[in-house]
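Working notes, structure below.
2 protein chains.
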Amino acid sequence: MTETATPAERLAVGAPHRELLEQVLDTWSMQVLEHLCEAPARFNDLRRAIPAVTAKSLTATLRRLERNGIVGRSVISTRPVAVEYAITPLGKTLREPVDALLAWTSAHLAEVEAARDRFDDA
Amino acid sequence: MTETATPAERLAVGAPHRELLEQVLDTWSMQVLEHLCEAPARFNDLRRAIPAVTAKSLTATLRRLERNGIVGRSVISTRPVAVEYAITPLGKTLREPVDALLAWTSAHLAEVEAARDRFDDA
DNA sequence: CGGCATCCTGGAGGATACTG
DNA sequence: CAGTATCCTCCAGGATGCCG
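Top line first, the protein sequences correspond to chains A and B.
With the numbering used here applied, the first sequence covers 38 to 159.
With the numbering used here applied, the second sequence covers 38 to 159.
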């Protein structure tokens, strides 16, 4: 198929590309993703692994990721119920670009902080 | 130097890596970046190029990018004053990981939308 | 254990008006 | 032209309590 949209157009407010990025790059989603890439985890495992998240936000994050096909949710009918979240094959493809971002911050954070110091002096 | 932090640690709330990503991946910053990568531009050029942005938000975005060393700001003392914004060498290094993100959405948006349809049926 | 419903607050960001 | 100042609204997300 043909790719007609420019990068700027794909990033416009309301564009599907931009919306998808917002649902995948937010604070909690990225952390959930990193953890599930290591190993599947249950709801409260994730809560403990991500200290600052509230139950409400974690639920919303997991639902959104599940809806987008990034994570899978399986209910294990023990009593009490257990629920396991796992990364999907689609979710795994996200790791590469996200890690590229992390690599960028690692490579350039010092340079950014130097720029901040210069800016704050003036 | 040694890199000790895990990806999850770098993404934790309050971590410098995460803060930097937030200041660089937000709605307006990404669009400003894309436009300045094409060519330097003046304040009102950017306003026109990014229809949904308000003057207040654009100012805040440009200040933050300037502080982080991602864009440069030069005042041209004509009357009335002209101000030109341009991408810096550091800013240019951001393009690669950001484009990787865009490439990911292009490659997988259809698959995501299929997952959404499935989810919304249930 | 893994949620959902309700209430509530802070702060991001829009609208508008003004200025060097 | 390129902002700044002020006001004001809105809603993401925290706190709390309840339930299958």
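Each residue gets a CB set at the ideal place from its N, CA and C atoms; glycine is no exception.
- Cβ contact annotation for residue 85(B) (same chain, cutoff 6 Å, sequence separation greater than five): none.
- Counting only Cβ-Cβ distances below 8 Å, residue 104(B) has contacts in chain A at 152, 153, 156 and 157, in chain order.
- In summary, residue 46(A) is exposed, with fewer than 16 beta-carbon neighbours lying within 10 Å of its beta-carbon over all protein chains present.
- Linking residue 80(A) to residue 89(B) through their CA atoms gives a straight-line distance of about 38 Å.
- Per DSSP, residue 114(A) lies in no alpha helix (DSSP H) and is assigned neither H nor E.
- A contact between stretches requires three or more CB pairs, one per stretch, nearer than 8 Å, and the stretch 64-84 of chain A fails this requirement with the stretch 131-139 of chain B.
- Looking at the backbone, the Cα of residue 42(A) and that of residue 63(A) are separated by about 24 Å.
- In the three-state DSSP reduction, residue 42(B) falls in the coil class, being neither helix nor strand.
- The C-alpha of residue 44(A) lies about 7 Å from the C-alpha of residue 139(B).
- In chain order, 121 and 123 place their CB closer than 6 Å to the CB of residue 77(A), counting only its own chain and leaving out the 5 sequence neighbours on each side.
- Taking a contact as a CB-CB distance under 8 Å, the pair residue 127(A) and residue 107(A) counts as one, their CB atoms being some 6 Å apart.
- Residues of chain A whose Cβ lies closer than 9 Å to the Cβ of residue 115(B) do not exist, since the nearest Cβ in that chain is about 22 Å away.
- Closer than 9 Å to the CB of residue 53(B) there is at least one CB belonging to chain A.
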